[in-house]
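Going down the list, the sequences are from chains A and B. If you use the working numbering, the first sequence corresponds to residues 32 to 385, in order. If you use the working numbering, the second sequence corresponds to residues 7 to 304, in order.
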Amino acid sequence: MAVELVKGNDALLRGAVLAGCRTFYGYPITPSSEIAESAAALLPQLGGTFVQSECEVGAIQMVYGAASAGERVMTASSSPGISLKLEGVSYLVGSELPAVIIDIMRGGPGLGNIAPAQGDYFQVVKGGGHGDYRLIVLAPNSPQEMCDLAMLAFELADRYRNPVVVLSDGFTGQMMEAVEFPVPVTSIPPKDWAVRATPETSGNLINSIRLMPEDLEEHVTALFEKYASIEAAEVRYEEVQTADAELVVVGYGIVSRLLRAALARVRDQGLRVGMLRPITLWPYPSQRLAELAETASGFLVAELSTGQMVEDVRLAVNGRRPVAFHGRYGGAVPSVDELVKAIEAAYPAEGRSA
Amino acid sequence: MSQVMIKELVPRRELVDPGHLACPGCGAPLAMRLVLKELGEKTIVVLPACCWSIIAGPYPQSSLHVPLYHTAFETAAAVASGIRAALDVRGDTDTTVMAWAGDGGTFDIGLQALSGAAERNEDFLYVCYDNEAYMNTGIQRSSATPWGAWTTTTPRSQPQGTKKKDILSIMAAHRIPYAATACVSYPADLLEKVRKAKSIRGTRFLHILSPCPPGWKFSDEQSIEMGRKAVQNRIFPLMEVEDGIRWRFTMETDGDRVEPYIKAQGRFRHLTDEDMVRIQDEVNARWEYLERMVASSP
């Protein structure tokens, strides 16, 4: 396969196409608009559908319609646009519809700015929409992963009949790197639950209304049994030099790239520091973090927020080790120097003497 | 036309500073400058996401000498309704609330809030400065983009395939007291309409064509000429509608051919001679419709 220099947002859309997605509904917003622009350029040529909707709510509900018919379908937006879509996301979950939603995060709250941020962890990973539900959330840290995780997103969405979010940031979306595009998916498993106005599907029902409390409770219980199976099978993460680590740094997306550079520096200074990078933000690598709490003496979490994912690290570590935090926000990004200092400050005293 | 002194026509006060952040040749700051000259300092501007979110400049640096509210994309008319209500409660009836939105925030995502406010006949002026696409996010189509135009989401292989939404008729259908079109290329007509709108209570709607050099693909110095052409070839007729029923042209036009206008803009570069005929036919048909509306007005 040839290697190409590609922008993260474009790599993501091409990954979606390789996964068999031919249907895109979206609305312009910086810094995610290139995904829609790529879809507008590519999908009609492949016999697919690109629609620029009249608003974000329209886009996610068009996704609902296409997903009901069994199409591999996606939408893409950025933070305030995702906030608008969350009602639709809850409906997708309630009706167990597979769909892929891209969030190229920018600075908030409010209008904020268009600079890269990770302030959407709560609204995407912890819910945001109404009701009890989980979304599978994938966090790429390079244009290559924008492509690969977009492909994985469609596979997981179909397998579990649940929306999947690719949660990225303005940096990863906008930067260009070498990407090796995989071979296209050639067979998509049939969706016998879909509604296509055919005799075979006329008995199917796409629905999220369950008026009787017992019925709804049963439905949500079934959803959470499904989520338990996802937690058992789909946790993904990357570990770097954790075997002897006194301090484990945790960061996702673009922050993991910065942490990796800082890691090289502090290792040269003789500090035993490793990194755990969650690739799935839900299901979260909690169990692996709990194991690392047995061997490491401390943790440091870095995010482009005031501290959102750090709560999941603290839950996993469960008070056994100190969990320090270093956050930049509002579109600001930590320098490697700054992260080195944060690592030095968080490095456990017993680690130094050992 | 009788002779008019410019200094009598255009108020001297300047409520928009130079040094704003618009692109060279942009029609949008000119539109704001003219409108605020007429409305004066007792004006509150309500601004959803649009090019003007940037043009206004980051606080505390502002290119405007009037208060400015940045709002969510879909909410200009709703926020303006709230501000109006608050001013009324405080007994301030002489401050003008002006929602100032682009075509995306008006024709597309903001239409629901605008329709609701117009139905309630909220007492504000709503100005849509129309540059015919989402220019601030990088030239994506809107429902104000003309048929056949290139944008980044309507590539040349698949150019805009629908007609521009008739927002004036939509607003007139709400039976609001005043709805009008204007263009920065005709400041006297624009100022007269703002003056009239200011004197009326209830929902007033002004649709201003605002040529965009980078989005339409023409050179910076041609903005005023583009606006003039669009008016003279009847692509963008200057008119007003009172109470949704009294339609009136405010400017005589020669009915020039559309072709020189279309050919002067890179966004239409891919269009064929057949496309040109189609656009001309469409413009003629809409003009006849408008003439019927004017002729049947009480």
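All residues carry an ideal CB built from backbone N, CA and C; glycine is no exception.
Rounded straight-line distance, which links the Cα of residue j to that of residue i
| i | j | result |
| --- | --- | --- |
| LEU117/A | GLY159/A | 6 Å |
| ALA385/A | MET206/A | The pLDDT assigned to ALA385/A is 44, lower than 50, so where the model puts this residue is not dependable; a value taken from the coordinates is nonetheless given after this. Cα-Cα distance, rounded: 41 Å. |
| MET257/B | VAL237/B | 9 Å |
| PHE242/B | ARG181/B | 21 Å |
| ILE251/B | PHE211/B | 14 Å |
| ALA209/A | SER69/A | 18 Å |
| ALA139/B | PRO165/B | 13 Å |
| THR102/B | TYR132/B | 11 Å |
| PRO147/A | GLN83/A | 24 Å |
| GLN154/A | MET340/A | 11 Å |
| TRP253/B | THR187/B | 11 Å |
| ALA270/B | ILE285/B | 15 Å |
| LYS202/B | THR54/A | 48 Å |
Cβ neighbours of residue i in the same chain (closer than 7 Å, five flanking residues each side left out)
| i | result |
| --- | --- |
| LEU70/B | LEU21, VAL22, VAL51, ALA62 |
| GLU87/A | TYR58, SER108, GLY112, LEU115, LYS116 |
| TYR95/A | GLY119, TYR122, LEU123, LEU128 |
| LEU49/A | MET182, PHE212, PRO213, PRO215, VAL216 |
| TRP313/A | VAL156, ARG165, LEU166, ILE167, VAL168 |
| SER191/B | ILE230, GLY233, ARG234, VAL237 |
| PRO365/A | LEU289, ALA333, HIS357, ARG359 |
| GLY362/A | GLY138, ASN144, ALA146, PRO147, ALA148 |
| SER216/B | GLY33, ALA34, ALA37, TYR135, ASP136, ASN137, VAL190 |
| PHE113/B | SER148, SER149, ALA150, LYS171, ILE173 |
| GLU248/B | PRO183, TYR184 |
Pick from the options that is closest to residue i, judged by C-alpha positions
| i | options | result |
| --- | --- | --- |
| ILE146/B | ASP109/B, ARG126/B, VAL237/B | It should be noted that the sequence gives Gln, not Ile, for residue 146/B. The shortest Cα separation from GLN146/B among ASP109/B, ARG126/B, VAL237/B belongs to ASP109/B. |
| GLY125/A | GLN92/A, THR80/A, TYR164/A, PHE356/A | TYR164/A |
| GLU14/B | ALA194/B, ARG298/B, THR151/B | ALA194/B |
| ILE261/A | SER366/A, MET93/A, GLU186/A, ALA50/A | GLU186/A |
| GLY101/A | PHE255/A, ASP223/A, ALA321/A | ASP223/A |
| LYS257/A | ARG288/A, CYS52/A, PRO194/A | PRO194/A |
| THR158/B | ILE173/B, ALA150/B, THR101/B, MET141/B | MET141/B |
| LEU36/A | ALA184/A, VAL82/A, GLN175/A, ALA98/A | GLN175/A |
| VAL200/B | TYR135/B, LEU40/B, VAL95/B | LEU40/B |
| ILE374/A | VAL251/A, MET306/A, GLU269/A | MET306/A |
| ARG296/A | GLU269/A, ASP368/A, ALA377/A, ASP246/A | ASP368/A |
| GLU269/A | ARG308/A, GLU231/A, ALA253/A, LEU335/A | ARG308/A |
| LYS171/B | ALA150/B, ALA186/B, PRO161/B, ARG162/B | ALA150/B |
| ALA178/B | GLU246/B, GLY154/B, THR278/B | GLU246/B |
| GLY25/B | VAL300/B, SER68/B, ASP226/B | SER68/B |
| GLU47/B | ARG18/B, LYS169/B, ASN239/B, VAL283/B | ARG18/B |
| LEU236/A | SER99/A, ARG352/A, SER336/A, PHE81/A | SER99/A |
Close Cβ partners of residue i (< 8 Å) along its chain, the five nearest in sequence each way excluded
| i | result |
| --- | --- |
| ILE133/A | LEU43, SER63, ILE66, MET105, THR106, ALA107, SER108, ALA181, VAL196, VAL197, SER199 |
| VAL348/A | LEU320, ALA321, ALA324, PHE330, VAL354 |
| GLU80/B | PRO54, GLY111, ILE115, GLY116, GLN118, ALA119 |
| ASN127/B | ILE182, PRO183, GLY208, THR209 |
| GLY282/A | LEU289, LEU290, MET306, ARG308, VAL332, ALA333, GLU334 |
Close-in-space but distant-in-sequence residues of the same chain around residue i (CB under 6 Å, 5 per side omitted)
| i | result |
| --- | --- |
| ARG267/A | ILE310, THR311 |
| THR326/A | none |
| MET38/B | VAL22 |
| GLY139/A | SER110, GLY150 |
| LEU328/B | One cannot answer for residue 328/B here, as it falls past the ends of chain B, which runs 7 to 304. |
| ILE60/A | SER108, SER109, GLY112 |
| CYS218/B | ASN137, MET141 |
**Asked** Any residues in the stretch 74–98 of chain A with a beta carbon nearer than 9 Å to a beta carbon of chain B? Which ones, in chain order?
**Response** Of all residues in the stretch 74–98 of chain A, PRO75, GLN76, PHE81, GLN83, SER84, GLU85, CYS86, GLU87, VAL88, GLY89 have a Cβ within less than 9 Å of some Cβ in chain B.
**Message:** Restricting to runs no shorter than 4 residues, where is the alpha helix (DSSP H) found entirely within the stretch 262–300 of chain A?
**Reply:** As far as the stretch 262–300 of chain A is concerned, its whole alpha helix (DSSP H) runs of at least 4 residues are 285–299.
**Length at least 3, wholly inside the stretch 116–149 of chain A: the beta strand (DSSP E) runs in chain order** = Under the rule that a run must span 3 or more residues, the beta strand (DSSP E) segments found entirely inside the stretch 116–149 of chain A read 131–136.
**Prompt:** What residues from the stretch 60–73 of chain A come within 7 Å of chain B, judged by C-beta to C-beta, listed N to C?
**Reply:** Residues of the stretch 60–73 of chain A that bring their beta carbon within less than 7 Å of a beta carbon in chain B comprise ILE60, THR61, SER64, ALA67, GLU68, ALA71, ALA72, in sequence order.
**Message:** By the 8 Å beta-carbon criterion, what residues does the stretch 151–162 of chain B contribute toward chain A?
**Reply:** Those would be THR158, THR159, THR160, PRO161, in chain order.
**Item:** Length-filtered (4 minimum) alpha helix (DSSP H) runs lying within the stretch 178–257 of chain B
**Value:** Counting only runs of 4 or more, we get 193–204, 219–222, 229–238.
**Asked** the stretch 318–335 of chain A: which residues have C-beta closer than 9 Å to a C-beta of chain B, in chain order?
**Response** Per Cβ criterion, the list is empty.
**Prompt:** For the stretch 174–214 of chain A, which segments carrying the alpha helix (DSSP H) assignment without a break, of at least 4 residues, lie completely within its bounds, in sequence order?
**Reply:** The qualifying runs are 174–191, 201–205.
**Prompt:** If contact means a Cβ-Cβ distance below 9 Å, which residues of the stretch 111–138 of chain B contact chain A?
**Reply:** Across the stretch 111–138 of chain B, CB contacts with chain A closer than 9 Å involve PHE113, ASP114, ILE115, GLY116, LEU117, GLN118, in sequence order along the chain.
**Prompt:** Closer than 7 Å, Cβ to any Cβ of chain B: which residues of the stretch 125–145 of chain A, in chain order?
**Reply:** Within the stretch 125–145 of chain A, the qualifying residues are LEU142.
**Request:** Name, going along the chain, the residues of the stretch 101–128 of chain A whose beta-carbon falls closer than 8 Å to a beta-carbon of chain B.
**Result:** Residues passing the 8 Å Cβ filter: PRO111, LEU115.
**Request:** Ignoring anything shorter than 4 residues or poking outside the stretch 355–384 of chain A, list the alpha helix (DSSP H) runs there in chain order.
**Result:** Look at the stretch 355–384 of chain A and you find these whole runs of alpha helix (DSSP H), each 4 residues long or longer: 367–377, 380–384.
**Prompt:** Which ranges does the alpha helix (DSSP H) cover as unbroken runs of at least 4 residues, wholly within the stretch 118–188 of chain B, from first to last along the chain?
**Reply:** Complete alpha helix (DSSP H) runs here, min 4: 173–178.
**Message:** Please list, in chain order, the residues of the stretch 247–261 of chain B that have any C-beta partner in chain A closer than 8 Å.
**Reply:** For the stretch 247–261 of chain B, the beta-carbon criterion of a distance under 8 Å to any beta-carbon of chain A is satisfied by none of its residues.
**Request:** Run through the stretch 64–115 of chain B for me and flag every whole alpha helix (DSSP H) of 4 or more residues, listed as ranges in chain order.
**Result:** Those alpha helix (DSSP H) runs which fall completely within the stretch 64–115 of chain B and span 4+ residues are 82–95.
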